[in-house]
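A.B. asks:
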Amino acid sequence: MEKPTPTAGSMPDEWCMRHFDHLSPDLADTMPQTMARVRELCPVARSEEHGGFWVVSRYEDALTVAQDWEAFSSAHGLGISGAPTVVRNLPVQADPPEQRIFKRLINPFFTPAAVAPWEPATRELAGRLIDGFIESGSCEFMDDFARPFPSLSFFRLAINAPAEDLEEVARLASTSSTPDDPAARESWLGLYDWIRDFTRRRRKEAPRGDVVDAVVHAEIDGRPITEEEVIGTVQLLILGGLETTAGALGLMLDRFCRQPEIPALLRARPELIPAASLELLRLDPSFVAVGRTATRDTDLGGRPVKAGDKVLIHWASANRDAGEFEDADTFVLDRERNRHLSFGAGPHRCAGSNLARMNMRVALEEVLERLDGIRLQEGAAVRYHRGLTRSPDTLPIAFTPGPRLAPKDS
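Printed below as a string of structure tokens:
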């Protein structure tokens with residue numbers, strides 16, 4: 009099939025209905041418009057790409073698939089994602105009751121009460137990163153803030169990993185999450201090796217009382233956890249801690265550049281930032297889709313799904329379904345009900361959502377307090393990371409220069 013080109017801001021109808029490809033860079037660049045067309049043409053579309061799969065684009069259908077784990081399995085649900093992981097991402101690539109065991113293992117370390125003590129250090133980190141570029145009046149926001157901020161915070165506070173390893177681990181996580189990248193398989197292997205060595209060291213060290221201690225010393229159904237289970241669990245924590253929050257921050261600043269009235273409002277009324285971050289997450293999630301496998305013949309939105317069929321839940325599309333959200337394409341700060349799916353739904357809802365929300369709130373508070381006149385640098389064009397996650401590849405912004413808060417030698 010000849011490669012289609014987007015028209016009028018959306019991919020062609022034939023592409024939307026029969027050749028949908030979640031790995032397409034053109035989809036990443038036209039996602040809101042293209043997914044609106046998919047919802048209109050065929051809410052449960054059958055794509056012929058990647059061996060064939062269903063695309064679920066409306067809210068009600070997405071929620072049905074996410075919550076019905078018996079009919080739509082996660083254990084074999086990521087086959088349409090591209091390059092396979094070396095080990096399973098746990099608990100995402102498991103179904104209940106096994107999934108619940110691993111979810112209970114990590115949940116206590118990411119409750120609101122557990123992450124609240126991390127806020128002062130998180131805020132200090134945000135301020136230090138902003139100090140690094142605020143005097144210049146410009147920065148590459150993804151490299152200078154959006155990626156290092158959640159990554160450094162997660163490495164230091166959540167898993168107590170060496171900061172000097174962060175750059176390489178972040179590179180491996182980013183490349184492995186671009187499934188059709190030729191280096192994806194090699195990156196999965198590199199990530200596997202780093203986690204294996206890191207967790208082996210942690211087994212020998214004095215306990216720190218963190219989630220890594222809980223994982224490496226866990227018992228699963230009365231037996232010691234296996235090394236592959238340890239690696240798979242920590243692997244998922246890293247992918248969530250490094251990739252998705254960075255993407256969400258980049259997408260939020262991207263929107264600020266296009267809608268300057270939003271940062272102006274929040275700068276004047278910072279108490280609105282928690283509610284605003286939920287609405288920004290709804291509009292522009294970084295975790296855009298996930299795969300499932302049908303375990304039995306079933307009907308989905310009037311389409312006959314067969315046992316063994318792959319199903320792609322498109323969270324980003326469901327978040328803009330007018331059947332669930334009034335003025336779905338508009339930033340509505342006082343939205344009465346905002347049951348967005350940016351953290352997923354059902355038993356596999358993101359375990360780190362409380363940490364992500366805290367990171368995003370702190371980041372927005374610090375950025376909005378100190379950076380005024382946020383805009384794209386002249387001539388900049390934003391392209392987006394493709395795959396199951398979405399974020400700006402680069403985001404060169406300009407703003408009114410300001411003073412550092414800390415001495416330069418601190």
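Counting with our numbering, you get residues 9 to 418 for the letters of the sequence shown.
C-beta atoms are modelled at their ideal positions from N, C-alpha and C, and glycine is treated no differently.
In this text the structure is predicted, and so the values were computed from the model without any measurement.
Report the rounded CA-to-CA distance for residue 127 versus residue 394, giving the unit in angstroms.
C.D. replies: Going from the Cα of residue 127 to the Cα of residue 394 covers about 31 Å.
A.B. asks: Which residues does DSSP pair with residue 299 in a beta bridge?
C.D. replies: 320, per the DSSP bridge assignment.
A.B. asks: What does the alpha-carbon distance come out to for the pair residue 184 and residue 396?
C.D. replies: If you take the alpha carbons of residue 184 and residue 396, they lie about 11 Å apart.
A.B. asks: Let me know the secondary structure DSSP gives residue 185 once reduced to three states.
C.D. replies: DSSP places residue 185 in coil when its eight states are reduced to three.
A.B. asks: Need the endpoints of the alpha helix (DSSP H) that residue 195 sits in, please.
C.D. replies: Residues 192-212.
A.B. asks: Spatial neighbours of residue 109 within its chain, please: C-beta separation below 8 Å, excluding the five flanking residues on both sides.
C.D. replies: Closer than 8 Å at Cβ, skipping near neighbours: 99, 228 and 229.
A.B. asks: Residues in the same chain with beta-carbon distance under 7 Å from residue 251, minus the five sequence neighbours each way, listed in chain order, please.
C.D. replies: Result list for residue 251: 181, 182, 185 and 397, in chain order.
A.B. asks: According to DSSP, is residue 15 part of a helix, a strand, or is it coil?
C.D. replies: Model confidence at residue 15 stands at a pLDDT of 43, short of 50, so the residue's coordinates are unreliable; what they give is reported in the following sentence. Strand.
A.B. asks: Would you identify the three-state DSSP class for residue 361, choosing helix, strand or coil?
C.D. replies: Three-state result, residue 361: helix.
A.B. asks: Report the three-state DSSP secondary structure of residue 401 (helix, strand or coil).
C.D. replies: Coil, per DSSP.
A.B. asks: If you draw a straight line from the alpha carbon of residue 314 to that of residue 79, how long is it in whole angstroms?
C.D. replies: If you take the alpha carbons of residue 314 and residue 79, they lie about 10 Å apart.
A.B. asks: Need the endpoints of the beta strand (DSSP E) that residue 50 sits in, please.
C.D. replies: Run containing residue 50: none; DSSP gives neither H nor E here.
A.B. asks: Note the first and the last residue of the continuous alpha helix (DSSP H) segment covering residue 72.
C.D. replies: Note, residue 72: alpha helix (DSSP H), 67-75.
A.B. asks: Residues in the same chain with beta-carbon distance under 6 Å from residue 330, minus the five sequence neighbours each way, listed in chain order, please.
C.D. replies: Excluding positions up to five away in sequence, the list reads 336.
A.B. asks: Excluding the 5 residues flanking residue 236 on each side, which residues of the same chain have their C-beta closer than 7 Å to its C-beta?
C.D. replies: Same-chain partners within the cutoff: 95.
A.B. asks: For residue 9, which three-state DSSP category applies?
C.D. replies: The predicted model places residue 9 with a pLDDT of 33, which falls under 50 and marks its position as unreliable; any figure quoted below should be read in that light. Coil.
A.B. asks: How many whole angstroms separate the CB atoms of residue 321 and residue 300, which I take to be in contact at a CB cut-off of 8 Å?
C.D. replies: Yes, residue 321 and residue 300 are in contact; Cβ-Cβ is about 6 Å, under 8 Å.
A.B. asks: If we require 3 or more residues per run, which beta strand (DSSP E) segments fall completely within the stretch 135-184?
C.D. replies: Within the stretch 135-184, the complete beta strand (DSSP E) runs of at least 3 residues are 146-148.
A.B. asks: Going by beta carbon distance, what residues of the same chain come within less than 8 Å of residue 51, once the five residues before and after it are set aside?
C.D. replies: 64, 65, 66, 69 and 309, listed in sequence order.
A.B. asks: Please name the residue in 37, 36, 25 and 38 whose C-alpha comes closest to that of residue 47.
C.D. replies: Comparing Cα-Cα distances from residue 47 to each of 37, 36, 25 and 38, the minimum goes to 25.
A.B. asks: Residue 306 lies in the beta strand (DSSP E); which residues open and close that run?
C.D. replies: Looking at the DSSP string, the run of the beta strand (DSSP E) that includes residue 306 is 306-308.
A.B. asks: Take residue 36 and list the residues in its own chain whose beta-carbon comes closer than 6 Å to its own, dropping the five residues that flank it on each side.
C.D. replies: Closer than 6 Å at the Cβ level, and outside the excluded window around residue 36, lie 392, 394 and 398.
A.B. asks: Are the beta-carbon atoms of residue 195 and residue 179 separated by less than 9 Å?
C.D. replies: Contact: yes.
A.B. asks: Take residue 347 and list the residues in its own chain whose beta-carbon comes closer than 8 Å to its own, dropping the five residues that flank it on each side.
C.D. replies: Around residue 347: 332.
A.B. asks: Ends of the alpha helix (DSSP H) at residue 290?
C.D. replies: Segment 281-291, the alpha helix (DSSP H) holding residue 290.
A.B. asks: Helix, strand or coil for residue 267, going by three-state DSSP, please let me know.
C.D. replies: It is coil, neither helix nor strand.
A.B. asks: Which residues in the same chain as residue 351 place their Cβ atom closer than 6 Å to its Cβ, once the five residues preceding and following it in sequence are excluded?
C.D. replies: Excluding sequence neighbours, residue 351 sits near 357, 358 and 361.
A.B. asks: Here's the rule I'm using: 16 or more other beta-carbon atoms within 10 Å means buried, otherwise exposed. How should residue 427 be labelled?
C.D. replies: There is simply no residue 427 to check, as the chain begins at 9 and stops at 418 in what is shown.
A.B. asks: For residue 384, list the residues DSSP reports as bridge partners.
C.D. replies: DSSP lists 405 as partners of residue 384.
A.B. asks: Report all residues from its chain with a CB closer than 7 Å to the CB of residue 176; omit the five preceding and five following residues, and keep chain order.
C.D. replies: The answer is none, since no qualifying residue turns up.
A.B. asks: Whose C-alpha, out of 375, 254 and 311, is nearest the C-alpha of residue 159?
C.D. replies: Per the Cα distances, 254.
A.B. asks: At which residues does the beta strand (DSSP E) containing residue 61 begin and terminate?
C.D. replies: Per DSSP, residue 61 belongs to the beta strand (DSSP E) from 61-64.
A.B. asks: Could you check if residue 349 is buried or exposed, using at least 16 other CB atoms within 10 Å of its CB as the buried criterion?
C.D. replies: By the neighbour-count rule (16 or more Cβ atoms within 10 Å), residue 349 is buried.
A.B. asks: Would you list the one or two residues that DSSP bridges to residue 313?
C.D. replies: Answer is 306.
A.B. asks: Could you give the DSSP three-state label for residue 369: helix, strand or coil?
C.D. replies: Looking at residue 369 - three-state DSSP - the assignment turns out to be helix.
A.B. asks: Look at the Cβ atom of residue 340, then the Cβ atom of residue 39, and state whether they are nearer than 9 Å.
C.D. replies: For residue 340 and residue 39, no; Cβs fall outside 9 Å.
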